Structures are given as structure tokens and as C-alpha cells.
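Presented below is the structure to which this report refers.
4 protein chains.
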Amino acid sequence: MRADAARNLARILDAARDVFAERGSEASVAEIAARAGVGTATIYRRFPTKEDLLAALFEQAVARLAVDAAEAAEAKDVGRALRGFMQRAAAAHMADRSYCECAETNVKLRPEVQARFDELIGNVDRLLTRAKEAGEVRADVNAFDVPILLMGVAQAGALLEERVPGAWKRYLDIVLDGLRPQAARPLSRRPLTARDLRPRA
Amino acid sequence: MRADAARNLARILDAARDVFAERGSEASVAEIAARAGVGTATIYRRFPTKEDLLAALFEQAVARLAVDAAEAAEAKDVGRALRGFMQRAAAAHMADRSYCECAETNVKLRPEVQARFDELIGNVDRLLTRAKEAGEVRADVNAFDVPILLMGVAQAGALLEERVPGAWKRYLDIVLDGLRPQAARPLSRRPLTARDLRPRA
Amino acid sequence: MRADAARNLARILDAARDVFAERGSEASVAEIAARAGVGTATIYRRFPTKEDLLAALFEQAVARLAVDAAEAAEAKDVGRALRGFMQRAAAAHMADRSYCECAETNVKLRPEVQARFDELIGNVDRLLTRAKEAGEVRADVNAFDVPILLMGVAQAGALLEERVPGAWKRYLDIVLDGLRPQAARPLSRRPLTARDLRPRA
Amino acid sequence: MRADAARNLARILDAARDVFAERGSEASVAEIAARAGVGTATIYRRFPTKEDLLAALFEQAVARLAVDAAEAAEAKDVGRALRGFMQRAAAAHMADRSYCECAETNVKLRPEVQARFDELIGNVDRLLTRAKEAGEVRADVNAFDVPILLMGVAQAGALLEERVPGAWKRYLDIVLDGLRPQAARPLSRRPLTARDLRPRA
DNA sequence: GATGAATGAGAATTCATTCAT
DNA sequence: GATGAATGAATTCTCATTCAT
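Protein chains in written order, with the numbering used here: chain A, 12 to 212; chain B, 12 to 212; chain C, 12 to 212; chain D, 12 to 212.
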């Protein structure tokens with residue numbers, strides 16, 4: 012039954028992704044089970060807690076961002092690559108209502124999520140370093156700023172998405188301009204460090 | 012009994028403001044009633060629905076922003092006034108967990124809220140127009156962009172507030188720099204119009 | 012609605028007493044609600060937790076024992092009074108399947124239950140002291156031994172009750188004989204003290 | 012495969028013994044399977060029902076008591092032997108949280124358990140007869156009383172075990188004194204007979 | 001007019017048992 | 001013969017809203 016089990020797991024993850032994306036993280040496990048065509052207990056076999064399920068999906072999402080950032084960091088035109096990365100990332104945030112909700116909760120403190128997040132930060136750091144060297148990005152921002160700003164763009168965009176689909180792109184543009192050196196004024200607050208985002212820090 | 016009733020209403024609104032600010036819009040009506048020292052039914056007499064209560068508070072909050080924007084629009088140093096307004100507004104967003112939640116729901120579509128929002132937009136428009144004339148703000152943004160951007164800053168800041176209090180100020184700085192003409196690139200999306208935010212539009 | 016509420020509370024307590032007595036403490040709140048003719052939420056309004064409900068009933072039961080012990084302590088024939096008290100107490104244990112279950116759990120650690128238990132112990136102590144003076148009870152037992160022994164008799168009796176109703180009386184007789192001085196051998200363990208039964212002791 | 016199957020059965024029984032002893036009869040089959048290193052279905056192949064598994068273990072436990080009683084019945088110092096048997100038996104009850112729970116349910120009515128129980132009763136009867144002849148035990152008790160009293164001691168002891176380990180020994184002492192002739196008063200209930208404990212009797 | 005008691009609908013989670021591989 | 005995946009039924013608890021006093 013390895014095959015069937017794997018298929019069921021995939022159906023659960025797919026269903027959960029869809030349902031959480033549509034309804035947010037408060038969607039009920041029953042709805043996911045119904046969409047996946049399994050009983051709720053089947054979900055609880057794989058994921059002892061609803062939060063575990065959310066964490067698994069969130070981890071995957073962060074991992075996808077990390078991969079994308081890694082590719083962007085290698086691109087020839089680094090300014091273009093940075094913008095492309097942030098556009099794709101923001102679009103991914105927008106497509107999943109639960110993404111930002113997970114980032115708000117302690118889901119983000121789970122070690123497996125932290126590991127992916129560290130990868131993401133590392134890759135973004137490489138991307139950003141090159142972008143600074145190319146004069147595309149102001150010197151006083153760091154990799155931690157990027158996911159924060161993306162979250163803000165996505166949340167603001169979510170307010171409008173139903174009525175003005177894609178409006179978030181406008182706000183991403185403004186934020187990207189804010190990252191350019193040309194308009195930079197001194198920032199009133201220090202950049203974040205890894206310590207700031209660690210549990211109990 | 013007019014006096015008692017009015018006092019009760021005030022206590023309800025105060026309690027609801029506190030509770031929703033602390034716990035978010037999912038706080039229970041019972042908790043608000045307890046904090047206000049009234050029965051739950053007393054709340055339901057004034058506000059047929061929990062959402063009606065949220066809307067009343069949201070309306071007040073938007074009204075306060077409108078007043079602040081009006082004052083800012085008259086200030087001598089318009090650049091400084093804009094930044095000051097946005098800092099106070101973002102701080103207000105941060106202080107009330109329910110604020111952004113209301114903006115996400117259809118609370119924002121209620122006519123009384125719309126009226127306040129129109130005032131806010133009008134005042135921000137005056138502020139922004141002067142700021143553009145002073146060369147402080149790029150020409151391609153409009154008043155609708157401001158509350159959107161504030162919401163994004165506040166939501167991003169909320170992610171960090173517990174661990175890095177005040178971090179939102181850093182992100183507001185970046186957004187403010189993004190609004191300056193110096194780094195402006197063409198925006199990929201048109202600005203919003205009043206029609207975009209009307210019900211059924 | 013004071014009257015109705017009080018009536019409902021009484022019905023809840025009566026129903027809970029019956030259901031827990033019959034089915035034990037694992038009976039479902041739903042069954043109690045059904046028997047009481049109320050919704051489950053009504054029960055949760057009065058008793059935030061199922062355990063709170065159990066504790067309230069347990070407290071009442073201990074209180075009844077305490078009253079009975081107080082009366083017994085005043086009786087003329089102290090030996091007869093002791094036996095009478097223990098018979099009635101054991102009968103009460105037998106009539107309520109949840110009684111011993113509560114004594115096993117941390118329900119017994121609740122302060123309100125502790126207070127009743129302290130009363131019980133105090134009254135039993137008076138009863139026992141007089142019984143010792145009258146030569147009816149061995150000197151090396153104390154008041155804490157009494158509820159323990161009663162529990163044992165009741166639990167043993169419960170095994171038989173369905174098939175041999177009242178068999179517990181036989182075992183109570185044997186225990187009562189064990190408390191008499193005539194057959195006393197040194198006890199291998201020290202008596203309990205109040206400290207032993209306190210939380211964290 | 013005979014060997015593997017036998018090994019699995021042994022592992023299941025060992026694991027079940029441990030788990031039920033620690034957690035009581037409400038421990039989940041899944042936990043036992045995990046501890047045994049087998050799948051749950053393997054358990055269900057051997058034991059169609061969780062209760063069948065409990066019964067098998069209970070049968071073994073009763074059998075061990077029967078053996079111990081047989082040895083005690085042959086001992087030179089019969090009073091000492093009786094006390095020793097009851098101490099060991101009570102200790103065994105204490106060490107297995109599920110033991111008394113099984114005795115409470117209809118597990119005890121299964122024929123295989125009955126057979127073991129009959130052995131136990133027979134051996135205890137021999138032990139008791141000799142003890143009566145030696146003047147160590149009152150004449151009006153019989154073998155059926157012994158397991159009942161042990162159960163009572165164990166259940167009472169269980170209430171205290173966590174806080175006052177070994178306290179049960181004190182209560183066993185009292186019960187043993189109650190079995191001595193010196194303090195015997197007439198018992199208010201007749202002794203049990205084999206018929207009382209038969210199914211449907 | 002105010003109160004707070006009552007409730008129905010639903011949420012997460014658990015577990016003995018069955019079934020497909 | 002063994003496995004572990006699947007599940008239905010049950011359980012505790014929550015909350016917005018209505019209703020009787």
C-alpha cells in the first residue's frame with residue numbers, strides 16, 4: 012500500500028494547499044479531508060496536529076522561495092534578477108492566504124522551517140550583495156529585510172486582490188524603488204540580525 | 012436613562028477597542044462585555060452583530076486618521092508633515108490588532124466607513140498634492156496608495172513587533188523613500204480610483 | 012430568570028450525579044446534558060471544564076461525609092457510631108461509580124475539595140479519638156486511614172455489587188475488625204500525615 | 012515462520028504487559044504495537060479484540076498468583092506464608108494498573124480466566140484451611156474473600172502510591188489483622204460461593 | 001432598557017478496528 | 001503472515017446570537 016499511501020499523502024497536501032490558500036489557515040481539517048477524499052483521521056495520521064500540516068506546507072513554500080533566490084543570485088543581470096525574484100515571491104504569497112498567517116504564528120519557529128528560512132536568507136544575501144555591488148540596491152538593507160517587505164506587499168495586495176487583481180505589483184514597484192540607492196535616506200532603525208528571529212531571542 | 016445608556020455605550024466602545032486591539036477581531040463578545048461591565052445582550056442591543064461593533068470602531072479609527080491627515084495637509088513643512096502623518100498612522104495600525112483585520116473583511120464596505128474613508132482620502136490627497144509640488148513625492152502616486160502602503164508596513168511590522176519592537180519604523184522609512192521622486196521608475200500598474208474601492212465595482 | 016437558572020443548575024447537578032454514578036466519570040457531557048434536558052453549552056457555562064463539574068459533585072459528596080462524621084463523633088455509643096458512619100460512607104461510595112475515580116485523579120487536589128476533606132478528617136479524628144478511648148479502636152491508626160480503607164472496601168465491593176449486592180458489607184466488617192485492638196499487630200508503615208496529601212508534598 | 016510468529020507473540024505480550032501496567036487498560040493498541048515493534052494488525056491477528064489481549068494478560072497474572080498460592084500452601088509456617096502471599100499478590104496488583112481494571116470488567120468472566128481463577132481459589136483454600144487450623148485466621152472467611160480483599164488493598168494503595176510509595180502495606184496489615192480470629196465479630200454477610208462468580212449466576 | 005442564561009453548530013483530536021498490499 | 005494506512009464515531013470545548021425575566 013506504499014503507492015496508495017503516497018498518493019493519499021499527495022492528495023492531502025494538495026487539498027490542504029488549495030484549501031488553506033483559499034480560506035486561510037483557519038480552514039477546518041474536515042474541509043481539507045473532504046476535498047482530499049479521505050477521512051479526517053487519515054490527515055491526523057500524517058500530521059499529528061493541524062499546525063503540523065500548516066508547517067509542512069509553509070516549509071515547502073519557504074523552500075521554493077529559497078530555490079528561486081538561489082537561481083536569482085546567479086543571474087547575469089542582478090537588478091533584473093532581484094526584481095524578478097521579488098515579483099515571483101510576492102505572487103506566491105498572494106496565491107496562498109495561509110502563507111502570511113503562518114509567518115505570524117509560531118509555525119515559523121519550528122526547526123524545519125527555520126532551516127529553510129536560513130537557506131532563503133543565505134541565498135537572498137548573495138543576491139543582495141551582488142545587487143549592492145551593481146549599485147542597484149542601497150547599502151543599508153540586508154537579507155532579512157526582503158521577506159519582511161514581501162510580506163508587507165503581499166498583505167497590502169491581498170486587501171485589493173479581489174477588486175483590483177494584480178494591484179500588489181504597483182506596491183512592489185514602490186518598495187523596490189525604496190530599496191534603490193537614489194532615494195535613500197538614513198533608516199531610523201538598525202537592520203535585523205539572525206538573533207532577532209531565533210526562538211526566545 | 013439616557014445618561015446611563017450613553018455611559019454604557021461609551022463603556023462598550025472603550026472595552027471593545029481595548030479588547031480588539033489586544034486580541035484581534037476574533038476576541039469574543041463575552042470578553043468585551045465582561046471588560047465593559049455589561050451583559051452581552053446590552054452589546055447586541057446597540058450592535059446587532061459583532062461585525063457592526065467592529066465597524067463602528069473601525070470607522071472611528073479611520074476618522075482619527077482623517078483628522079490627522081487634515082492637520083498634516085496644513086503644515087508648513089509638507090515633507091515632514093507627510094512623514095509624520097504616516098508614522099502616526101502606522102503606529103496606530105500597530106497598536107490595534109483588529110485594524111488590519113477589519114480592512115481585510117467587508118467591514119470596509121459599509122457606507123459609514125466609506126464616508127470616513129472618503130474624508131481620509133480627500134485629506135491625504137491635499138497633503139500629497141502639496142508634497143508633490145514640493146518635490147517630496149513622486150508624481151505617479153495618489154492618495155489611495157497611502158492607506159494601502161500603511162497597511163503593508165503595519166502588517167509586516169506586526170510580524171516583528173514582539174521580538175523587535177518598533178521595527179516597523181525601518182520599513183516605513185524604506186516605503187517613504189520609495190515614494191520620493193529620486194528613485195522612481197515607472198510603475199507597472201495604474202493607480203487606484205474611487206471606483207475600485209466601491210462595493211460591487 | 013434567576014429561578015429558571017437555579018432550576019437548570021439543579022437539574023444539571025442531579026443529572027450529572029446520576030450519570031456519573033451509573034457510568035463513572037468517563038460519562039460524556041453530552042449524556043448529562045441530555046438527561047438534564049439542556050444543551051451541552053449550558054453545562055459549560057456553569058462548569059468551565061468537565062473536571063470542574065466532577066469536582067463540584069465530589070466536593071458535595073465529601074461534605075456529606077464530613078457532616079455525617081461530625082454527627083457520629085457526638086454519639087453516645089462511639090463504637091456503634093463509628094461502624095454506622097463507615098457503613099453509610101461505604102454505601103455512599105458504592106452508589107457513585109465516579110466517587111473513587113475522582114479520588115484517584117487530581118480532582119482531589121482542588122482547594123475547595125481539600126477544605127471539605129480537611130473537615131472530614133477533623134471530624135473523623137474526633138470520632139476516632141473517642142473510639143480509641145473506649146477501647147474500640149487500636150491506637151496506631153489515625154483519621155487518614157479511614158477514607159483510605161473506605162475506598163478500598165468500596166472498590167472491592169464494586170467488583171461484586173452486580174452479582175452479590177451488598178457483599179461490600181462483609182468486607183467492611185473484616186476491615187472494622189482489623190481496626191479493633193484485639194488483633195492488632197504492629198503496622199509496617201507509619202500513618203499518613205496531612206503533608207502526605209497536600210499538593211506537591 | 013513458526014519461530015518468527017512465536018517471537019512476535021512474545022513481544023506483543025511483553026509490550027502489552029508493560030504498557031498496560033504503566034498506563035492502565037485504556038492504553039492504546041497503537042502504543043503497544045509501537046513498543047512491540049510490530050504493526051497493529053499483527054496484534055489483531057492474535058487477539059481479535061483489545062479485550063482479548065487484556066484477558067490473556069490477566070489470565071497470566073491470575074495464573075502467577077495461583078502458582079504463588081500453591082507454594083504458600085505448602086510452607087511450614089502457614090501464618091507467615093499467608094502474609095507473604097498476600098504481600099506479594101498486593102505488590103503485583105500495585106505494579107499493574109490494568110489488573111484491577113480487568114477485574115472490574117467482564118474480562119473476568121472469560122472461561123480461560125475462570126479456569127485460572129478456580130486454580131487460584133483452590134490453592135488459596137488449601138492455604139487458608141491450614142491457616143485456620145493453625146489459629147491464624149478466623150473460621151468465617153473463605154478463599155473467595157482473599158482476592159477481594161487484595162483488590163481493595165491495591166486500589167486503596169493506588170490512591171497513595173505516587174505520594175506515599177508502599178503505603179498499601181499499612182492497609183494490608185490492617186486487613187490481615189481483620190482476618191485474625193482475635194478480633195472477629197460475626198460477619199453480616201454470608202461468604203461468597205463459586206456460583207456467585209459464575210457468568211449469569 | 002438591561003441582563004445573563006441558553007443554545008446549536010462546529011472545531012480539533014483520538015482510537016479500536018478493518019482492509020489492501 | 002505481517003504490515004501500517006484508513007476510517008467512523010465519539011469527545012471535549014467554544015462562541016455568536018437569541019430569549020425570558
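The beta-carbon is built from N, C-alpha and C at its ideal position, and this holds for glycine as well.
Because the structure is a prediction, the values reported are computed rather than measured.
- Cβ-Cβ distances below 8 angstroms link residue 35 of chain D to 108, 109, 112 in the same chain, with the five nearest sequence neighbours on each side left out; the list follows chain order.
- A check of alpha carbon separations from residue 98 of chain D across D:202, D:180, D:203, D:198 identifies D:180 as the nearest.
- Approximately 6 angstroms separates the beta-carbon atoms of residue 30 of chain C and residue 46 of chain C; this is inside 8 angstroms, confirming the contact.
- CA-to-CA, the gap between residue 163 of chain D and residue 48 of chain D works out to about 35 angstroms.
- Only those residues of the segment 82–103 of chain B whose C-beta falls short of 7 angstroms from the nearest C-beta of chain A would be listed, and there are none.
- Identification of chain A residues near residue 105 of chain B by a Cβ-Cβ cut-off of 7 angstroms yields none; the smallest Cβ-Cβ distance measures about 12 angstroms.
- The C-alpha of residue 125 of chain D is placed about 44 angstroms away from the C-alpha of residue 133 of chain C.
- If you draw a 10 Å sphere on the C-beta of residue 177 of chain C, you find fewer than 16 other C-beta atoms in it, and that means exposed.
- Flagged as an interface residue toward chain A: residue 166 of chain B, by a C-beta distance shorter than 7 angstroms.
- Rounded to the nearest angstrom, the Cβ distance from residue 202 of chain A to residue 152 of chain A is 7 angstroms, consistent with a contact under 8 angstroms.
- At a cut-off of 7 angstroms, the C-beta of residue 193 of chain B has a neighbouring C-beta in chain A.
- Pairing residue 131 of chain C with residue 77 of chain C gives a Cβ-Cβ distance under 7 angstroms.
- Comparing alpha-carbon positions, the option among D:157, D:66, D:143, D:120 lying closest to residue 27 of chain D turns out to be D:66.
- For residue 210 of chain B, no alpha helix (DSSP H) run applies, since DSSP gives it neither H nor E.
- Residues 89, 90, 93, 148 of the same chain have their beta carbon placed closer than 7 angstroms to that of residue 142 of chain D, with the five preceding and five following residues left out of the count.
- Ranked by how close their Cα comes to the Cα of residue 128 of chain B, the residues B:24, B:72, B:175 have B:72 in first place.
- For residue 158 of chain C, the uninterrupted alpha helix (DSSP H) segment begins and ends at 156–172.
- Boundaries cannot be given for residue 192 of chain B, as no alpha helix (DSSP H) includes it and DSSP labels it neither H nor E.
- In the DSSP annotation of this structure, residue 151 of chain A is not part of any alpha helix (DSSP H), being labelled neither H nor E.
- In summary, the residues of the segment 177–191 of chain A whose CB is separated from some CB of chain B by less than 7 angstroms are 177, 178, 180, 181, 182, 184, 185, 186, 188, 189, 190, 191, in the order they occur in the chain.
- One finds nothing in chain D with a Cβ atom closer than 9 angstroms to the Cβ of residue 73 of chain C; even the nearest lies about 14 angstroms away.
- Rounded to whole angstroms, residue 104 of chain D and residue 42 of chain B show a C-alpha spacing of 49 angstroms.
- Looking at the backbone, the Cα of residue 40 of chain D and that of residue 61 of chain D are separated by about 7 angstroms.
- Here residue 96 of chain A has 79, 80, 83, 138 as same chain residues with Cβ atoms under 7 angstroms from its own Cβ, once five neighbours each way along the sequence are excluded.
- Against chain B, the CB of residue 30 of chain A has no partner CB under 7 angstroms away; the residue lies outside that interface.
- Scanning the segment 27–85 of chain B for uninterrupted alpha helix (DSSP H) segments of 4 residues or longer gives 40–47, 51–57, 61–85, listed from N- to C-terminal end.
- At a cut-off of 7 angstroms, the C-beta of residue 132 of chain B has no neighbouring C-beta in chain A.
- Residue contact check for residue 35 of chain C against chain D: no CB pair falls below 7 angstroms.
- Judged by DSSP in its simplified three-state form, residue 21 of chain C adopts helix.
- Taking a beta-carbon distance threshold of 7 angstroms, residue 142 of chain C does not count as an interface residue toward chain D.
- Per DSSP, reduced to three states, the secondary structure at residue 176 of chain D is coil, with no helix or strand assignment.
- Taking CB atoms only, residue 50 of chain D has no neighbour in chain C less than 7 angstroms away.
- In the same chain as residue 135 of chain C, and ignoring 5 residues on each side of it, the C-beta atoms closer than 7 angstroms to its own belong to 80, 154, 157, in chain order.
- Selection C:86, C:114, C:206, C:51 evaluated against residue 68 of chain C yields C:114 as nearest (Cα-Cα).
- When DSSP assignments are scanned along the segment 108–145 of chain A, the uninterrupted stretches of alpha helix (DSSP H) that are 4 or more residues long and fall wholly within it turn out to be 108–115, 122–144.
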